[in-house]
Amino acid sequence: MNWKSLSIFALPLLLAGSLLAQDGNRRWKFDVSYQKLKPISMRTGPSEDSYKTYWYVVLKVKNNTGASRKLNLAAWALTPQVRKQRISYAGLYPEVTEAISRRERKKLTNLLEAPKSLGKGQSLDLVLILPNLSRYANDIDIRISGLASKIFKVGGHSWAEDTQLSIRFKRIGDEYEVTTHPILDQGKRWVTVSRKKVR
Numbered sequence: 162m163n164w165k166s167l168s169i170f171a172l173p174l175l176l177a178g179s180l181l182a183q184d185g186n187r188r189w190k191f192d193v194s195y196q197k198l199k200p201i202s203m204r205t206g207p208s209e210d211s212y213k214t215y216w217y218v219v220l221k222v223k224n225n226t227g228a229s230r231k232l233n234l235a236a237w238a239l240t241p242q243v244r245k246q247r248i249s250y251a252g253l254y255p256e257v258t259e260a261i262s263r264r265e266r267k268k269l270t271n272l273l274e275a276p277k278s279l280g281k282g283q284s285l286d287l288v289l290i291l292p293n294l295s296r297y298a299n300d301i302d303i304r305i306s307g308l309a310s311k312i313f314k315v316g317g318h319s320w321a322e323d324t325q326l327s328i329r330f331k332r333i334g335d336e337y338e339v340t341t342h343p344i345l346d347q348g349k350r351w352v353t354v355s356r357k358k359v360r
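Structure, rendered in structure tokens:
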């Protein structure tokens, strides 16, 4: 084995060791509270019919893990019943973030612009914006990654794990006038989508 192949082999182990040192060899999760999924319509032109509807969720993320943690958040919505659009990704849209902040009467940071770290005991008020949520979507599973530890140690082995926060909503009604239909909050849960031993 040459030095180049050795370094490629060692890189995941070094990365795992670095993350383990940061996380104290244990699992952790941020505390997350959220509000119900809501629509907001923004004008796109001078006529009354020129507008686009965005869907959003306001969240509060608090670090009660006992140490400062790195942040690298991403979000999307799963709508498996919509064959042509089973996933909708969150977007930035600064003007929409500002409009939502005014409506909610608090300063909100777009989830995709969250700071790269969150100190011990600190919290963030975030908004997750979905620009292309299908009007046919009734069962909506919002997923957020980056809110839980990725590397931890159990039984003498180190593990890499992808754990996402799932927040589920049900939109009642047909595909017409979707912004007026009731939305049911079906709760949140942590979902582990992959796990593998790294050393």
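Throughout the sequence shown, residue numbering follows the numbering used here, covering 162 to 360 in sequence. Each residue gets a CB set at the ideal place from its N, CA and C atoms; glycine is no exception. Values in this document were obtained by computation on a predicted structure and should not be read as measured data.
Residue closest to lysine 213, alpha-carbon to alpha-carbon, out of Ser327, Ser306, Pro292: The option with the nearest alpha carbon to lysine 213 is Pro292.
Burial state of alanine 182 (16 or more Cβ within 10 Å): Any reading at alanine 182 must be qualified, since the residue scores a pLDDT of 45, below 50, and its modelled position is unreliable; the value itself is stated next. Looking at its Cβ environment, which holds fewer than 16 other Cβ atoms inside 10 Å, alanine 182 is exposed.
DSSP-derived helix/strand/coil call for leucine 289: Here leucine 289 sits in strand by DSSP.
Contained beta strand (DSSP E) runs [length at least 3] in the stretch 316-352, N- to C-terminal order: 318-332
Counted within 10 angstroms of its Cβ, other Cβ atoms place glutamine 242 as buried (16 or more) or exposed: exposed
The stretch 313-332 in contact with the stretch 351-359 per 3-pair CB rule at 8 Å: Under the Cβ criterion (8 Å, minimum of three pairs), the stretch 313-332 counts as touching the stretch 351-359.
For valine 359, three-class secondary structure by DSSP: Valine 359 sits in coil when the DSSP states are folded into three classes, being neither helix nor strand.
Three-state secondary structure assigned by DSSP to alanine 374: Residue 374 lies beyond the residue range present for the chain, which begins at 162 and ends at 360; the question has no answer from this structure.
Boundaries of the beta strand (DSSP E) in which aspartate 300 is found, first to last residue: 300-306
Three or more C-beta pairs below 8 Å linking the stretch 244-254 and the stretch 292-309: yes
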